[in-house]
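Just so you know, the protein sequences line up as chains D and Z, in that order. For the first sequence, the positions run 2 to 117 when the working numbering is used. For the second sequence, the positions run 418 to 529 when the working numbering is used. The C-beta atom is built at its ideal place from N, Cα and C for all residues, glycine as well. Here the structure comes first, spelled out in structure tokens, and everything after it is commentary.
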Amino acid sequence: DAGVIQSPRHEVTEMGQEVTLRCKPISGHNSLFWYRQTMMRGLELLIYFNNNVPIDDSGMPEDRFSAKMPNASFSTLKIQPSEPRDSAVYFCASSLEGFTTNEKLFFGSGTQLSVL
Amino acid sequence: GQQVMQIPQYQHVQEGEDFTTYCNSSTTLSNIQWYKQRPGGHPVFLIQLVKSGEVKKQKRLTFQFGEAKKNSSLHITATQTTDVGTYFCAGRPNFGNEKLTFGTGTRLTIIP
């Protein structure tokens, strides 16, 4: 299995521009998670989906952030408009089950986002 | 909300020395997971502990889950340069369908 695939690996953009991050979870996994990692705040859960349905988006920082999962093999995280404080590494992760207590997460390689 | 703290935040050790990181939760956990993130990499699952007082070993790594299921530790014996990275614990509260919360992480550097 190729694992969780994220694109792009690096994104440099200017403040005010729209940014779209993409993720392909491991085939057969029912849950997908978007995390943001910064030195100051560590790993923060932004949103997670179970069977393509958003279950908890309480971690989404602002209305500028939105996430979709149109099918079981694809998800996007969009920031519009982007701001310098959005600069971080964004990880996508997937897991086999959504609500059991024994799920482990498989992370993608992340997208390093820099907003100038 | 639930908080998961790790100490120390940073640890520098001489190669061959032992290393321990501690994880403390504000709430009782149903289970605890440990992840390792190499510099520039992504978190990779290491192990999960479920039972109160559970101890598991992976070669030079020993993981413990506290009796009260509110704390955990990871001990590495005789560190090697390949152990460099940030170690995260992650726990889920022992009620409802609460989400996994990651600890603040301990960054380990090895002095050759």
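Query: Minimum Cβ-Cβ distance from D/Asp1 to chain Z less than 8 Å; Result: Missing from the structure shown is residue 1 of chain D; chain D here goes from 2 to 117 and no further.
Query: D/Ser130, enclosing beta strand (DSSP E) - first and last residue; Result: Because chain D in this structure spans residues 2 to 117, residue 130 of chain D falls outside the shown range and cannot be described.
Query: Best match in D/Lys105, D/Tyr91, D/Leu106, D/Asp64 for proximity to D/Thr39 [C-alpha to C-alpha]; Result: D/Tyr91
Query: Nonlocal neighbours in the same chain, by C-beta distance under 6 Å from D/Pro26, ignoring five residues either side; Result: Val5, Leu33, Ser95
Query: Residue(s) in a DSSP beta bridge with D/Leu114; Result: D/Glu12, D/Ala89
Query: Coil, strand or helix - Z/Thr444 by DSSP; Result: coil
Query: Length of the line joining the Cα atoms of Z/Gln475 and D/Cys93; Result: 27 Å
Query: Status (buried if at least 16 other CB within 10 Å, exposed otherwise) for Z/Ile424; Result: exposed
Query: Residue(s) in a DSSP beta bridge with Z/Arg524; Result: Z/Tyr427, Z/Thr503
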